[in-house]
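Numbering (the working numbering), first residue to last: 296 to 634.
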């Protein structure tokens, strides 16, 4: 059997995306890896880093070979200077995503892994862009997706994604929350091989609303949704106060945590995963994983960028194959804690 084809978008060319791609050439990877990016940018970054790199191109994607990268060349619009953003290259960044998405949708690629992009510069160039998750959902005609990060023995999904904090409460609706929880439960079963996932759900307000005295969202929205879904057979715990939730699940393990907003759940996971976390988009008709960090412009071309998160993302993409997940420590930890 041929190893899976993993498409990797190189991300913002002025950031550490090209550095991370070059670093992969030294790794033994059990896949057919194709990097979507500018071949000249990759060559230039390899020279800057003192790395001998062979680049191959062509429609046939061979098994990954140490010392080489197979590249689908999509040229940048302007000269790339490491660490210096240029809005002229924003269309190039989006073109990488569009090409990778098309390949996933037509079956050319088995999974998509994305290096970081810079949302600000894309918007400065005139493109409305809130993130990979939203872009891939819109352009694959997927009505509902869920952002989940995994690492450090945790899986943390988000009820809302990239919103200003003042907009979060209004974005939590019975229908939206129900959709998020159903997608999370379904993908934990089908993609992560967990027969009956247990999901710990955070409240929105301090102390999970203190019975309505510190906010009504728990009483009016979250609790009724959880009650209804428990009636459908889902194993849901909560809503729990977010400040003690992660301490609680050390004693009462779960398979995933659902946080109500981005900065409620992700700081804990990123601290625990220590640079090896993976971002997964649930609900898409294909597998998509990503690094858990940004473009790190100050590290571009310096040789100090760490590839741990990208390697973990590729490992997860290779492992999530419909019937379960291999080679991901968070799945093993959850099983061990339950025995």
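By construction, the Cβ of each residue, glycine as well, lies at the ideal position given by its N, Cα and C atoms.
Measuring straight from C-alpha to C-alpha, what distance separates residue i and residue j?
| i | j | result |
| --- | --- | --- |
| residue 527 | residue 575 | 25 angstroms |
| residue 525 | residue 458 | 28 angstroms |
| residue 387 | residue 510 | 44 angstroms |
| residue 552 | residue 298 | 32 angstroms |
| residue 590 | residue 425 | 15 angstroms |
| residue 394 | residue 514 | 44 angstroms |
| residue 491 | residue 529 | 8 angstroms |
| residue 519 | residue 378 | 48 angstroms |
| residue 483 | residue 489 | 6 angstroms |
| residue 473 | residue 382 | 38 angstroms |
| residue 269 | residue 533 | With the chain covering 296 to 634 only, the question about residue 269 has no answer from this structure. |
| residue 521 | residue 433 | 27 angstroms |
Please identify the residue among the options whose C-alpha is closest to the C-alpha of residue i.
| i | options | result |
| --- | --- | --- |
| residue 613 | 405, 493, 358 | 405 |
| residue 336 | 422, 398, 384 | 384 |
| residue 451 | 469, 331, 338, 565 | 565 |
| residue 587 | 597, 495, 445 | 445 |
| residue 390 | 557, 380, 545, 417 | 417 |
| residue 615 | 537, 487, 585, 503 | 487 |
| residue 497 | 508, 516, 485 | 516 |
| residue 437 | 461, 475, 447 | 475 |
| residue 324 | 310, 363, 296 | 363 |
| residue 531 | 479, 538, 431, 448 | 479 |
| residue 538 | 312, 563, 453 | 563 |
With respect to the alpha helix (DSSP H) encompassing residue i, which residues constitute its N-terminal and C-terminal limits?
| i | result |
| --- | --- |
| residue 543 | 537 to 546 |
| residue 426 | Careful: residue 426 lies outside any alpha helix (DSSP H) and carries neither H nor E. |
| residue 335 | 334 to 344 |
| residue 494 | No alpha helix (DSSP H) holds residue 494; the beta strand (DSSP E) holding it covers 493 to 497. |
| residue 485 | 469 to 485 |
Taking the continuous beta strand (DSSP E) assigned at residue i, which residues delimit it?
| i | result |
| --- | --- |
| residue 585 | 582 to 586 |
| residue 446 | 441 to 446 |
| residue 367 | 363 to 368 |
| residue 574 | 573 to 577 |
Is residue i near residue j, with beta carbons less than 7 angstroms apart?
| i | j | result |
| --- | --- | --- |
| residue 333 | residue 371 | yes |
| residue 326 | residue 359 | yes |
| residue 396 | residue 583 | no |
| residue 318 | residue 602 | yes |
| residue 455 | residue 466 | yes |
| residue 441 | residue 331 | no |
| residue 410 | residue 345 | no |
| residue 536 | residue 567 | no |
| residue 477 | residue 549 | no |
Let's test the definition: count the other Cβ atoms within 10 Å of the Cβ of residue i and tell me whether it reaches 16, buried, or not, exposed.
| i | result |
| --- | --- |
| residue 593 | exposed |
| residue 523 | exposed |
| residue 342 | exposed |
| residue 559 | buried |
| residue 573 | buried |
| residue 428 | buried |
| residue 629 | Residue placement at residue 629 is flagged as unreliable, the pLDDT there being 32, under the threshold of 50; the coordinate-derived value follows with that caveat. It counts as buried. |
| residue 413 | buried |
| residue 304 | buried |
| residue 555 | buried |
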